[in-house]
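Here's the structure, in structure tokens; my notes come after.
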Amino acid sequence: MNTLLPGATIGVLGSGQLGRMFAMAARRMGYLVHTFSPETDTPTGQVADVEVTASYDDLAAVRDFASRVEVVTFEFENVPSATVEAIAGIVPVRPAGAALYTTQHRLREKSFLERAGIPVTPFRHVRTLLELNDALNTIGCPAVLKTAGFGYDGKGQRLIKTLAESADAFQTLDGQEAVLEAFVDFEREVSVVCARGADGQVAHYGVVENAHERHILDCTIAPARVSGEVAREAVELATSLLEQLSLVGVLCVEFFLARDGKLFVNELAPRPHNSGHFTIDACATSQFEQQVRAVCGLSLGATEQLRPAAMANLLGDLWQDGEPDWRAACAFPNVKLHIYGKHEARAGRKMGHLTALAASTDEALCLVRAARAALIRRG
Ligand SMILES: Nc1ncnc2c1ncn2[C@@H]1O[C@H](COP(=O)(O)OP(=O)(O)O)[C@@H](O)[C@H]1O
Ligand SMILES: [Mg+2]
10 MNTLLPGATI GVLGSGQLGR MFAMAARRMG YLVHTFSPET DTPTGQVADV EVTASYDDLA
70 AVRDFASRVE VVTFEFENVP SATVEAIAGI VPVRPAGAAL YTTQHRLREK SFLERAGIPV
130 TPFRHVRTLL ELNDALNTIG CPAVLKTAGF GYDGKGQRLI KTLAESADAF QTLDGQEAVL
190 EAFVDFEREV SVVCARGADG QVAHYGVVEN AHERHILDCT IAPARVSGEV AREAVELATS
250 LLEQLSLVGV LCVEFFLARD GKLFVNELAP RPHNSGHFTI DACATSQFEQ QVRAVCGLSL
310 GATEQLRPAA MANLLGDLWQ DGEPDWRAAC AFPNVKLHIY GKHEARAGRK MGHLTALAAS
370 TDEALCLVRA ARAALIRRG
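Taking this note's numbering, the leading residue of the sequence shown gets 10, the next gets one more, and so forth.
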């Protein structure tokens, strides 16, 4: 594939906030962006040149979309293989469909990681209640039951504390295949956002630290408060995965850091990631510009972090008592506001985020939390 220069058109499958921030980076650089998803007036569509609304299974619409762009990438992983194959017959898909196929299904992803010699938490494939009981007997309790496909923000997950809960937990799967994995009593969660260019060049943003609430990312602190040794190992594992997946684009690797200092890979995302949002305000090149560069075959940009940062997600819950107090959050001069343009503020839905920059990560975390608290109107 030739290098795509500004003026070229990039297609994005999916239309959420990741596509929106990608489109903003792409358009700043002079590219045109078309987005494809089953919805209208979407976070990506609002800032794209063209918004196509059709089902991922509508292959005629998919082919028509592909014929109007020069490369296709995705911001949403649960795209059917047939859709990606139909596109790949017309224009290049970056990252390629094989990486998407591996990472969109927990069992395929974990089996790949195990084969690659990457440390993962013990897991078993679960299709029947008998298999679930067997798995609980070998793995032990507590354990986490996760649907193999279509999971995000903790959806499709259930913590099983005792064997007695197994039948009830199995019911909630509603016939979907699943993975049972050991519950990890981690010290903290960390992630590495990295990227690989079409020429094999690799770049990374170091290790960041993630705090989750109700299985949803709450805050990211960059850089992570971990030893140099842990940081080196995490980056090494992440960049080796870029090579093993022959990925062209951005990859995020999520880890559990155990209390004895051991790292386990939790999951992979073959795209920009929520834990990399801080890069927009804190790094020389954002993860979204990096994705544009990789997908278009340009050289990767510098990943240097300019200041310590902390990011806090804004969930729909913040709208419980009406519109948040934006003026109060914007009164913090070192806090940046990002809003995704979603019309309905449901509980647990990612509506936007804040990034704070400061002299230290602890200070940035205090600042971002204070700015978020200021959004809630009192009295
Ligand atoms: N095996 C586990 N042990 C402990 N906590 C877990 C485990 N699996 C998931 N979690 C918690 O739930 C969060 C979301 O789970 P994850 O597997 O990353 O799914 P997704 O992000 O796709 O919803 C994790 O970041 C972690 O906080
Ligand atoms: Mg996750």
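Beta carbons: idealized from backbone N, C-alpha and C, even for Gly.
Pairwise C-alpha distance: residue j and residue i
i: Ala91; j: Tyr110; result: 11 Å
i: Pro151; j: Arg241; result: 30 Å
i: Ala107; j: Lys170; result: 36 Å
i: Thr181; j: Arg36; result: 43 Å
i: Pro47; j: Gly270; result: 43 Å
i: Phe179; j: Tyr65; result: 29 Å
i: Pro232; j: Val216; result: 6 Å
i: Glu222; j: Arg197; result: 13 Å
i: Lys351; j: Pro317; result: 29 Å
i: Arg358; j: Gly306; result: 34 Å
i: Ser175; j: Thr147; result: 14 Å
i: Ile225; j: Leu346; result: 19 Å
i: Glu332; j: Ala380; result: 15 Å
i: Leu251; j: Ala204; result: 7 Å
i: Glu118; j: Val274; result: 10 Å
Secondary structure of residue i, DSSP reduced to three states
i: Phe31; result: helix
i: Thr51; result: coil
i: Gln210; result: coil
i: Gln113; result: coil
i: Gln166; result: strand
i: Asp269; result: coil
i: Asp183; result: coil
i: Phe83; result: strand
Check whether residue i and residue j have beta carbons under 8 Å apart
i: Ala63; j: Ala57; result: no
i: Cys261; j: Ser284; result: yes
i: Phe287; j: Thr364; result: yes
i: Val188; j: Val135; result: yes
i: Gln113; j: Tyr214; result: no
i: Val259; j: Ala303; result: yes
i: Leu309; j: Ala212; result: yes
i: Phe132; j: Glu190; result: yes
i: Val93; j: Val100; result: no
i: Met38; j: Pro52; result: no
i: His362; j: Leu323; result: yes
i: Phe297; j: Phe31; result: yes
i: Arg386; j: Asp326; result: no
i: Leu272; j: Val301; result: no
i: Gly28; j: His43; result: no
i: Leu266; j: Val202; result: no
i: Pro104; j: Leu256; result: yes
Closest Cα partner of residue i within the set the options
i: Leu122; options: Tyr40, Gln253, Ser46; result: Gln253
i: Glu263; options: Ala204, Ala354, Ala247, Leu251; result: Ala247
i: Asp177; options: Asn142, Ala356, Gln26; result: Asn142
i: Ala293; options: Glu276, Pro281, Thr312; result: Thr312
i: Met320; options: Pro333, Arg268, Cys375, Asp326; result: Cys375
i: Ser24; options: Leu138, Arg124, Pro279, Val61; result: Val61
i: Thr12; options: Glu218, Thr229, Ala207; result: Ala207
i: Val377; options: Ala354, Ala340, Leu41, Arg355; result: Ala340
i: Phe159; options: Leu139, Pro89, Glu140; result: Pro89
i: Ser115; options: Glu79, Phe74, Tyr161, Leu138; result: Correcting the residue identity first, residue 115 is Arg in this sequence and not Ser. The residue with the shortest Cα to Cα distance from Arg115 is Tyr161.
Considering only heavy atoms of ligand 2, list every residue whose Cβ is less than 7 Å from one of them, following chain order. Answer in sequence order: Glu263, Asn275, Glu276.
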